[in-house]
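Quick note on the working numbering: the sequence shown kicks off at 345 and runs consecutively. Notes for the one structure printed next.
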Amino acid sequence: MPDKKENTMSDYILSFDQGTTSSRAIIFSARGEICAIGQHEFPQIFPHSGWVEHNPDDIWESTLQAARDAIEQAGIDVADIRVAGITNQRETTLIWDRHTGEPVYNAIVWQDRRTAAYCQQLEDEHENIEQLITDHTGLLLDPYFSATKIVWLLDNVDGVRARAERGELMFGTVDTYLLWRLTGGEVYATDATNASRTMLFNIHRQCWDDELLALLGIPPGMLPEVKNSADDFGAIRADLFGRRIPIGGVAGDQQAALIGQACFTPGMAKSTYGTGCFMVMNTGDEAVRSTHRLLTTVAYRLDNQVTYAVEGSIFMAGATIQWIRDGLRLIRDASESESLAHQTGYENPVYMVPAFTGLGAPYWDPEARGAILGLSRDTGIKEIVTAGLQAVCYQTRDLLEAMREDGIRPENLRADGGMVANSWLVQFLADVLGIPIACPKVTETTALGAAFLAGLQAGMYQSLDEVATLWQDDKAYTPQVDDEARAQLYQGWRTAVERVRSAG
Ligand code: ADP
């Protein structure tokens, strides 16, 4: 930890990282070093199968508590916090009363699938609707994004549509809700990255999309102002932490991680290996349209200049290892997987295809189910565990192939998330992808990205180039197998995938 005295006055940044299962707050030094972390988990609410909700007060209270803990732990004066930034779980949808602040319902979480039938209905009733959505928003017609969650609230919660039409209600993603509460109702805004995940934002024109709003029957008056990712987002009320703190940066979690990994030039990509995996590549000022159902999204918007990204995700990354641990009970701790993989080596005849909830990009086969293939009498625990790790890497290669076929070529990759503690995994990843991989010193890339944005706004950094100099790698991995061995490994995976695909 940096010595407090090394920093001059007002040199700290408070970064809020409001995630799906916990709220965190991190105090960073101006050099991007972590000074203190506060973290509070909060309850997940599952009212029905496929439904996931959060209580807005839990989101708020856990956020406040995390920040208070971080400030106390850092042992700094609140006056020394120059600026704050916010990053958040994306797409999660809230509606609240503009006057009383009372939410009309719980937050509907990004994972929630309650609007699947409605999405199907939209597709049936409106020819080419998915085309329109992709053209305007870069996304796909899916319950994941905020738009159909808003419609559900308008149509299923008593009086909400009428109140929304009278202008009494506000919609927001989590950043907007936190901004609104942190500023005591003074600021009602979001940033372009969060807006780009609602399925209502035109990413080319950088405004709410009238055509989609009309089609879905959403009153435009219930949408926040869309600001740059580094912008004047008002200030935190003095009574919350003892002093007003300006808010200068906002970005959705995956975009914030791209910024925290300093992927500022086209072709730079980051991949986060947590429960799932999110790979995001900077495509510069070009909004690349994928032909493989990858998402086109706003990476960040600075001084009204948009930088775009392409995003692909893997449903089961660390979750595969969790299943091996808790479902199969083959290991007691995720970290045991590393030594087992060392014992197994690359010549593992076993392939695991973790298609527990179907196959994502580039197969898009929701009916497919998982399998373990290539078993023989001498197969043991270590081969199966290793196959689980390898599956995460092969799926990343699938994403990379999809990107390459769309004409975008990541030259290298910056990896983060809980799984990169496993060096065997990252080396295998470099070997399967055939590109170098770097893991950063500061692994809290999401919170760091929000801090960088806030620091830019506060004038602590003059440019993205200056921010990029703060990024440091902890460990670099270069591919060590030849092209033929790489092709052979990947071919084994493709054959295994073919065997689990559904007939459709
Ligand atoms: P999230 O933020 O999604 O909760 P984390 O970034 O904390 O996830 O990463 C935790 C995930 O990483 C878990 O799913 C766990 O199974 C996996 N994991 C943690 N350590 C290792 C390891 N050494 N080897 C393989 N997987 C690991």
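Quick reminder that beta carbons are idealized off the backbone N, C-alpha and C, glycines included.
{"Query": "Coarse secondary structure for Lys726, derived from DSSP in three states", "Result": "helix"}
{"Query": "Integer-rounded CB distance, given that Cys463 should sit under 8 Å from Leu485", "Result": "5 Å"}
{"Query": "Limits of the alpha helix (DSSP H) - the one that Ser681 falls within", "Result": "680-688"}
{"Query": "Cα-Cα separation between Ala759 and Ile589, rounded to whole angstroms", "Result": "32 Å"}
{"Query": "Unbroken alpha helix (DSSP H) run spanning Ser373, endpoints", "Result": "Element bounds for Ser373: n/a, residue is neither H nor E."}
{"Query": "Residues surrounding ligand 1 [beta-carbon distance to nearest heavy atom under 5 Å]", "Result": "Gly618, Thr619, Gly662, Ile665, Gln666, Ala678, Ser679, Ser681, Gly761, Gly762, Met763, Ala765, Asn766"}
{"Query": "Three-state class that DSSP yields for Gln806 in the structure shown", "Result": "coil"}
{"Query": "Simplified DSSP assignment, three categories, for Ile381", "Result": "strand"}
{"Query": "Test item: CB-CB of Val624 and Asp519 under 7 Å", "Result": "no"}
{"Query": "First and last residue of the uninterrupted alpha helix (DSSP H) at Ile781", "Result": "Note, Ile781: premise wrong, no alpha helix (DSSP H); beta strand (DSSP E) at 781-784."}
{"Query": "In DSSP terms, what Met696 is bridged to", "Result": "Ile716"}
{"Query": "Sequence ranges, alpha helix (DSSP H) only - wholly within the segment 395-466, length at least 4", "Result": "400-418"}
{"Query": "Backbone secondary structure at Thr517 - three-state DSSP", "Result": "coil"}
{"Query": "Local conformation of Ser767 per DSSP, three classes", "Result": "helix"}
{"Query": "Cβ shell of Gln771 (< 6 Å), same chain only, five flanking positions each side left out", "Result": "Tyr821"}
{"Query": "Among Leu639, Ala663, Glu630, Arg637, nearest to Cys621 - alpha-carbon criterion", "Result": "Ala663"}
{"Query": "Beta-bridge partners of Gln388, as assigned by DSSP", "Result": "In the DSSP output, where bridge partners are listed per residue, Gln388 has none listed."}
{"Query": "Where Arg676 falls, given that 16 or more other Cβ within 10 Å makes a residue buried", "Result": "exposed"}
{"Query": "Nearest neighbour of Pro568, chosen from Gly604, Gly511, Arg587 [CA to CA]", "Result": "Gly511"}
{"Query": "Asp760 - partner residues in DSSP beta bridges", "Result": "Thr616"}
{"Query": "At least 3 beta-carbon pairs within less than 8 Å: the segment 363-370 vs the segment 783-795", "Result": "yes"}
{"Query": "Short Cβ contact (7 Å threshold) for Ala782 with Asp817", "Result": "yes"}
{"Query": "Sheet register partners of Thr641 (DSSP bridge)", "Result": "Ala653"}
{"Query": "Identity of the residues DSSP links to Met625 by a beta bridge", "Result": "Ala613, Val654"}
{"Query": "Val570 - containing alpha helix (DSSP H), residue span", "Result": "Premise fails: Val570 lies in the beta strand (DSSP E), 569-571, not in any alpha helix (DSSP H)."}
{"Query": "The segment 549-565 contacting the segment 601-617, beta-carbon criterion three pairs below 8 Å", "Result": "no"}
{"Query": "Those residues which DSSP pairs with Phe360 across a bridge", "Result": "Ala369, Ile430"}
{"Query": "Reduced DSSP category for Val844 - H, G, I as helix; E, B as strand; rest coil", "Result": "helix"}
{"Query": "Chain-order list of residues whose beta-carbon lies under 7 Å from that of Met804 (same chain, five-residue window excluded)", "Result": "Ala374, Arg426"}
{"Query": "Spatial distance of Asp424 from Asp355 (CA atoms)", "Result": "6 Å"}
{"Query": "Sequence-distant residues of its chain with Cβ nearer than 7 Å to Ala492 (five each side left out)", "Result": "For clarity, residue 492 is Thr in the given sequence; the question names Ala instead. Once the five neighbours on either side are set aside, the close Cβ partners of Thr492 are Thr459, Tyr462, Cys463."}
{"Query": "Straight-line Cα distance separating Asp775 from Gln824", "Result": "6 Å"}
{"Query": "At least 3 beta-carbon pairs within less than 8 Å: the segment 530-539 vs the segment 473-487", "Result": "no"}
{"Query": "First and last residue of the uninterrupted beta strand (DSSP E) at Val594", "Result": "589-596"}
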